[in-house]
Amino acid sequence: MTLLVTGAAGFVGFHTAKALLDRGDTVVGLDNFNDYYDVSLKDARAAILDEYAHFDMVRIDLKDREAMEALFAKHKFDKVVHLAAQAGVRYSIENPHAYIDSNIVGTLNVLEGCRHNDVKHLVYASSSSVYGANTAMPFSVHQNVDHPLALYGATKKANELMAHTYSNLYGLPTTGLRFFTVYGPFGRPDMALFLFTRNILAGKPIDVFNYGNHRRDFTYIDDIVEGVIRTMDNTATPNEQWDAAKPDPGTSKAPYRLYNIGNQQPIELMRYIEVIEECLGKTAEKNLLPLQPGDVPDTCADTAALVADIGYQPDTPIETGIKNFIDWYLAYYKIERPGGAEIQKSA
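Taking our numbering, the leading residue of the sequence shown gets 390, the next gets one more, and so forth.
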């Protein structure tokens, strides 16, 4: 197949594109290489992908309508994996326009490209942030999600609604994947694992919000990627049992599906930090702070729909996932392991 992976220089996009290339697919990667975080990390990811003969990276901004139209017309993609977005819950409070440009306008351009070029299946990244003020645990795709707590979550919910209209009007199969706190090697520098590791190694305090009383459904990157690829291969179909009098938000009479991808095993933030300390052999100085605006105390994924339809349940324990990240971090940045020898940088 010839596939488009948007956000291919990003964290999830890079790992997804690499896995697809490894299995033999032809992949066109799209990214605008913006400076939301260190561009050199994006360049490093892209350099690894560029080593594949059946990969091509295009530097296009999702909101560039003409460039997007030309890209779709040129390649006639079989399927599209749309992972590009302006990320970050708290940054959406500071710079809301970036989220509308990328997550709303950009996703519309992807939908239009799929519609006009006979794309067989669109898989796109949503987020656990859509659950917002919901407190019923675990979070289920069969719950209504109408109370986002930050604009980031609102744009992801909007993406789901936009996808449904295209599934309904044009018969475009779409599958939305609500990711739960993804972590792992080549992760984003603005996320907790990266920030904690960097500060602990530097002997600086780490900011622990909500006084450490968070619980998160941390999901390892390899589990996310396997979920993305399995759902891409399992094209969304209509739910013939869908009842308009009792509408199920997770399915439709259109070829539309939503799935959570999470471990369904929430971990206390303090335990997460403890595992980082164990892997580094160094104790963190903790700066305990109140809950941040737009944040939620707990997340937990109900993955029953993913298991039933795709036959898959993420299961990597944090002890394994964090160790893999720490090993990558020390090697990539050529940092001497506390109490050990320097590890040479590698991919």
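Ideal Cβ placement from N, Cα and C applies to all residues, glycine included.
Check: In this structure, how does DSSP classify A514 when only helix, strand and coil are distinguished?; Outcome: strand
Check: When the Cα atoms are used, what is the spatial distance from A690 to P703?; Outcome: 11 Å
Check: Contact between the region 561–576 and the region 641–652 is defined here as three or more beta-carbon pairs at a separation below 8 Å; is this criterion met?; Outcome: yes
Check: Below 8 Å, how does it come out for the region 621–630 and the region 661–670: are there three or more Cβ pairs, yes or no?; Outcome: no
Check: Rounded to the nearest angstrom, what separates D596 and K468 at their Cα positions?; Outcome: 41 Å
Check: Considering only the alpha carbon of each residue, which of N423, D424, H443, Y426 lies closest to L410?; Outcome: H443
Check: How about N599 and P686: are their beta carbons less than 8 Å apart?; Outcome: yes
Check: Kindly indicate which three-state DSSP category N421 falls into: helix, strand or coil?; Outcome: coil
Check: What did DSSP end up calling V478 once you bin it into helix, strand or coil?; Outcome: coil
Check: Counting along the chain, where does the alpha helix (DSSP H) carrying N557 start and finish?; Outcome: 540–559
Check: Does the distance from the C-beta atom of L419 to that of T391 stay below 8 Å?; Outcome: no
Check: Who does K675 pair with in a DSSP beta bridge?; Outcome: I595
Check: Please tell me whether V355 and G495 are closer than 8 Å, where the distance is taken between their beta carbons.; Outcome: The chain is shown only over 390 to 736; residue 355 falls outside these bounds and no answer can be derived.
Check: Could you tell me the alpha carbon to alpha carbon distance between D424 and A634, rounded to whole angstroms?; Outcome: 46 Å
Check: Work out the CA separation of L538 and L430 for me, nearest whole Å.; Outcome: 30 Å
Check: If you check the beta carbons only, do R448 and F422 fall under 8 Å apart?; Outcome: yes
Check: Candidates N506, Y645, A487: which alpha carbon is nearest N557's?; Outcome: Y645
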